[in-house]
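*Asks:* Add 37 to the 1-based position in the sequence shown for our numbering, that's all there is to it.
One structure coming up, written as structure tokens, with questions to follow.
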Amino acid sequence: MCLFLSSFLAILICIFANLITGVIVGRKVKACQPQMGVIILEPSLFRFENDAHKIEGQISPKSKVFTGSVWLFIKGFNNNHWLIISANGVDKQSYARLKRAVLSAVNGAQGSK
Numbered sequence: 038m039c040l041f042l043s044s045f046l047a048i049l050i051c052i053f054a055n056l057i058t059g060v061i062v063g064r065k066v067k068a069c070q071p072q073m074g075v076i077i078l079e080p081s082l083f084r085f086e087n088d089a090h091k092i093e094g095q096i097s098p099k100s101k102v103f104t105g106s107v108w109l110f111i112k113g114f115n116n117n118h119w120l121i122i123s124a125n126g127v128d129k130q131s132y133a134r135l136k137r138a139v140l141s142a143v144n145g146a147q148g149s150k
């Protein structure tokens, strides 16, 4: 679409398409990385609640643990969610528990294969 940028209309179309894409991606990132909320870890269930979201389900083996964050893939009852928890946003003990729960879910899935 934007191979020939000699016309003013093609430039406007590219700017408009990039603006729409940026807004959509920005909303997705904001939805999966909330600023505040409460995490409740139970043996077979994960719950996250804040003013805008209520997420409940199991921690999937697709979840990842990185140095400064945990990327959770929550398999809900009717839909799935990505949730990114930063190490700076929670206290050390809660972050350690969350990492342990994610590693347990990932290793448990690998052991059952």
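Ideal Cβ placement from N, Cα and C applies to all residues, glycine included.
1. Just checking my contact of residue 118 with residue 92 at CB under 8 Å: how many whole Å lie between their CB atoms?
2. With a CB to CB cut of under 8 Å and the five nearest residues on each side skipped, what residues in its chain are close to residue 89?
3. Could you give the DSSP three-state label for residue 144: helix, strand or coil?
4. Quick one: what does DSSP say residue 126 is sitting in, helix, strand or coil?
5. Is residue 46 helix, strand or coil when you go by DSSP?
6. Helix, strand or coil for residue 82, going by three-state DSSP, please let me know.
7. For residue 95, write down the residues that DSSP places opposite it in a beta bridge.
*Replies:* From the atom records:
1. Translated into positions along the sequence shown, residue 118 becomes position 81. Translated into positions along the sequence shown, residue 92 becomes position 55. The pair is a contact, with the Cβ atoms about 5 Å apart (cut-off 8 Å).
2. For this step, residue 89 is matched to residue 52 along the sequence shown. Answer for residue 89: 71, listed in chain order.
3. Numbered from 1 along the sequence shown, position 107 holds the residue referred to as residue 144. Residue state, collapsed to three classes: helix.
4. Here residue 126 refers to the residue found at position 89 of the sequence shown. Looking at residue 126 - three-state DSSP - the assignment turns out to be helix.
5. The residue given as residue 46 occupies position 9 in the sequence shown. Correct three-state label for residue 46: helix.
6. By one-based count along the sequence shown, residue 82 stands at place 45. The answer is coil: DSSP assigns residue 82 none of H, G, I, E or B.
7. On the sequence shown, position 58 is the one that residue 95 refers to. Paired residue(s): 112.
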